[in-house]
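First residue of the sequence shown? That's 7 in my numbering, and the numbers climb one at a time after it. Glycine included, every Cβ here is placed at the ideal spot set by N, Cα and C.
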Amino acid sequence: MVVNTSRSLLYTLCREAVSFRSELRFYKSAFVSRQVFHCQRRTYSANGTKTSLSPNICSSLAGRSYKELYELSVEDPDTFWGSIAKERLLWNRPFDHVNNCDISTGRINWFPGGQLNVSVNCLDVHVAKHPNRVALVWERDEPGTEVNVTYRELLESTCRLANTLKRHGIHRGDRVAIYMPVSPLAVAAMLACARIGAVHTVVFAGFSAEALAGRIQDAQCKAVVTCNQGVRGGRVIELKATVDAAVKSCPSVRSVFVAQRTSNRVPMTGIDVLLEEEMAKEAADCSPEVMDSEDMLFMLYTSGSTGQPKGIVHTQAGYLLYASLTHQYVFDYRPGDVFGCVADIGWVTGHSYVVYGPLCNGATTVLFESTPVYPDPGRYWETVERLGINQFYGAPTAIRLLLKYEESWVKKYDRSSLKTLGSVGEPINHEAWEWFYNVVGDGRCPLVDTWWQTETGGVCIAPRPAEDGAEIIPAMAMRPFFGVQPALMDETGAAITGNDVSGALCISKPWPGMARTIYGDHQRFVDAYLKPYPGYYFTGDGAYRSKDGYYQITGRMDDVINISGHRLGTAEIEDALDEHPGVPETAVIGIPHDIKGEVPFAFVVLKEDDSLDHSVVIEDLRGLVATKIAKYAIPDHFLIVKRLPKTRSGKIMRRILRKVATDETSNLGDISTLDDPSVVTEIMQAYTRFKNQPAQKR
Ligand code: 7RM
């Protein structure tokens, strides 16, 4: 069998699959007709020296193996999830049923009739038992200045913040935008919303004012919680100024709560409230709102294949249960461990594995404010040593960046506290996997490649849990989590049986963590996830099932790219570029990048106008993307072309652009549906001229 371990081969294979926008039938067939080579070098034990499953999944299911538990979870989900939910969550009212779901219409109900409060489950239950246990370790940007927050302190600040929100007219069901870096107050803001039944939407603090405004408008947020400034990698970020610019076009916003991260004063306006000052006036307790299982907990905007980000909705009980169970079993979290997920709270990973999962389990969770290379490339490992981190969960893009430096940046720090390493956000290539496992983990910590999405709420496929001594195959997500039944679909829409096969990755039964809807647009939810393969949840990813029945994710099948683990629709970038008056049309694709995984490549058509200076237009375009979306979304390459390759029905054939931009024009595939095939030569010539330019001019 051909064994090729390079990222680019896998990449090419899965990229081949990619479609014309929304032409599902086309990409189904293109995808399935290609084989993905599965690469197996060495395998590692899934459980290290530890015993298999954490013993206490719940008392009525104690003593069962992974295999037994997994079988029960898919054959009798009601018994499985019902017994766990009863025991692991604190309910105000027990649920009437375990689930009442119809995956074809998108009616997803878990634990109907049940009532609870998420903040109580994350705080009060622990304060009752161990008030002085550290809940949060805030690893601030400047090394050695970390701040510990105990469960009691976090409950108090959550209550003060909740009371502040209430005093300013925020009630159950209202939406609140949180535009803050990772910090204890940001966590308190999320939990304060949960406490009073408000719905938070955290917006990554790197998004532009316009992107923030779009989300606030879509969610009709009544308030924004932010900081005067942020601090990251030694640099100051003007958060409040961005919020000021955003809320100008957001009439729904009545108050902006401003926390002080730095001692600098920033201009204040009439609707601004100094957060800490107001909190100090409020009581340190706040009676929790009793919420129904299926009330909204939060929404989080994520990119799809259209220009409009979607507000993915998660609800209370099912989400919390799924986040906490996966946090425990995927990472083998044990009581007393210090859990270090270095994700930002602006992404779902921060929601489930910095905040909700760990806090529901009473863990000590790290809030990492800095970057992997500040002040130097040893930062992660110096932090691991100083905080005694037991589980380290990060992104392949950071690992790929760090492995370029001397190993001494890792080796000089004591990493003996580490027990589990985790990876998330994009496929992890072999080189990164091996470096993470061998150099960082000294070959002694299981490394789990965890596959999941904003929409899945928590990890769905990961090497653990597994039986005692079970293998881990490098760079493979491998095993479905409890209750998750993956299916691979072929071009006719049928499930592919057997092993050593590839297809569109679906999940065939509802699980408690799955998204419930897209805010304000249930039809879009049904169309995007449930309609493509009736009876299944469609992930948008392709996957390969190995001879042994393990899953390997091959990449997106739609026009979504992944820049440093951040999901972005190419249509969003195109929409920003198309605002330029001299630019009638653009097409953006993703191309492989050593460190970031993928970067955007923009093909730009200019108006017939000799006075346009190309380099000025490109500068304008860069600025447009930065202001409309975020800096990280700016294409790395711009290529000016006369026309785009289109089919007779007017669809851009992105496959051709992808081939050109990755120098793979020897086999362009079928171009018979192109309206005018001569466009291909034209674009190839433009690309050759472009490549021969000095790099800084591109
Ligand atoms: C958690 C998160 C989801 C998309 C998903 C995939 C890709 C995530 C992996 C992965 C290969 C992985 N949520 N993805 N994890 N691909 N292996 N372990 O990232 O909503 O922001 O992105 O990310 O394409 O569909 S997300």
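Report the rounded CA-to-CA distance for Phe337 versus Phe374, giving the unit in angstroms. Between the C-alpha atoms of Phe337 and Phe374 there is a straight-line separation of about 18 Å.
Across the segment 433-453 and the segment 485-503, are there enough close Cβ pairs to call them in contact, namely three or more that are closer than 8 Å? no
Does the Cβ-Cβ distance between Met186 and Ala215 come in under 8 Å? no
Take Pro364 as the anchor and find which of Glu77, Asn396, Pro383 has the nearest alpha-carbon. Just measuring C-alpha positions, the residue of Glu77, Asn396, Pro383 sitting nearest Pro364 is Asn396.
In this structure, how does DSSP classify Thr151 when only helix, strand and coil are distinguished? coil
Applying the criterion that 16 or more other CB atoms from any shown protein chain within 10 Å of the CB defines a buried residue, is Pro100 buried or exposed? exposed
Considering His599, what are the terminal residues of the beta strand (DSSP E) in which it resides? 591-599 is the extent of the beta strand (DSSP E) around His599.
At least three beta-carbon pairs within less than 8 Å, the segment 283-303 to the segment 165-184: yes
If you follow the alpha helix (DSSP H) that Met690 is in, where does it begin and where does it stop? 684-697
Out of Ala192, Val193, Arg628, Val249, state which residue places its alpha-carbon closest to the alpha-carbon of Gly220. Relative to Gly220, the option among Ala192, Val193, Arg628, Val249 whose CA is nearest is Val249.
Those residues which DSSP pairs with Pro606 across a bridge: Gly596
Inter-residue Cα distance where the pair is Thr57 and Ala68: Confidence at Thr57 is low in this model, with a pLDDT of 46, below 50, so the placement of that residue should be treated as unreliable; the coordinate-derived value is given next. Thr57 and Ala68: Cα-Cα distance of roughly 14 Å.
Check whether the Cβ atoms of Gly2 and Ser261 lie closer than 8 Å to each other. The structure shown does not extend to residue 2, since the chain is modelled only from 7 through 704, so no value can be given for it.
Quick one: what does DSSP say Ile513 is sitting in, helix, strand or coil? strand
Val589, buried or exposed, once every other Cβ within 10 Å from all chains shown has been counted against 16: buried
Rounded C-beta distance between Val237 and Asp147? I'm assuming under 8 Å. 5 Å
Can Tyr5 and Leu306 be called in contact, C-beta distance under 8 Å? Only positions 7 to 704 of the chain appear in this structure, which leaves residue 5 out of reach.
So, is Val622 buried or exposed, given that buried needs 16 or more other C-beta atoms within 10 angstroms? exposed
Is there contact between the segment 221-237 and the segment 184-204, where contact requires at least three CB pairs shorter than 8 Å? Touching, yes, given that three or more Cβ pairs across the two stretches are closer than 8 Å.
Short Cβ contact (8 Å threshold) for Ala323 with Ala91: yes
Val153 versus Gly571: straight-line alpha-carbon distance, rounded: 28 Å
Just to check, is the beta-carbon of Ser429 closer than 7 Å to a non-hydrogen atom of the ligand 7RM? yes
Three-state class that DSSP yields for Tyr550 in the structure shown: Strand.
Secondary structure at Leu16, three-state DSSP: helix, strand or coil? Because Leu16 carries a pLDDT of 34, less than 50, the predicted location of this residue cannot be relied on, and the following value inherits that uncertainty. It is helical.
Does His620 pass the burial test, meaning 16 or more other C-beta atoms within 10 Å, or should it be called exposed? exposed
Going by the CB atoms, is the gap between Val631 and Ala582 shorter than 8 Å? yes
Using only CA atoms, which one of Arg406, Ile579, Leu393 lies nearest to Asp642? Ile579
Pull the bridge partners of His103 from the DSSP assignment, please. Its beta-bridge partners do not exist; DSSP assigns none.
Helix, strand or coil: how does DSSP classify Ser51 here? strand
Buried or exposed for Gln235, going by 16 or more other Cβ atoms inside 10 Å? Counting of Cβ neighbours within 10 angstroms places Gln235 among the buried residues, the total reaching 16 or more.
So, with DSSP's three-state summary, where would you put Val209? Residue state, collapsed to three classes: coil.
Give me the Cα-Cα distance between Phe43 and Gln558, rounded to the nearest whole angstrom. Legend: pLDDT at Phe43 = 34, less than 50; position of this residue unreliable, no value from coordinates given.
For Gly675, count neighbouring C-beta atoms within 10 Å of its own C-beta (all shown protein chains included) and say buried if the count is 16 or more, exposed if not. Result: exposed.
Is Arg573 near the ligand 7RM, judged by its Cβ being under 7 Å from some heavy atom? For the ligand 7RM, at least one heavy atom lies less than 7 Å from the Cβ of Arg573.
In this structure, how does DSSP classify Pro381 when only helix, strand and coil are distinguished? Here DSSP, grouped into helix, strand and coil, assigns Pro381 to coil.
Would you check whether the ligand 7RM has a heavy atom nearer than 7 Å to the C-beta of Val209? no
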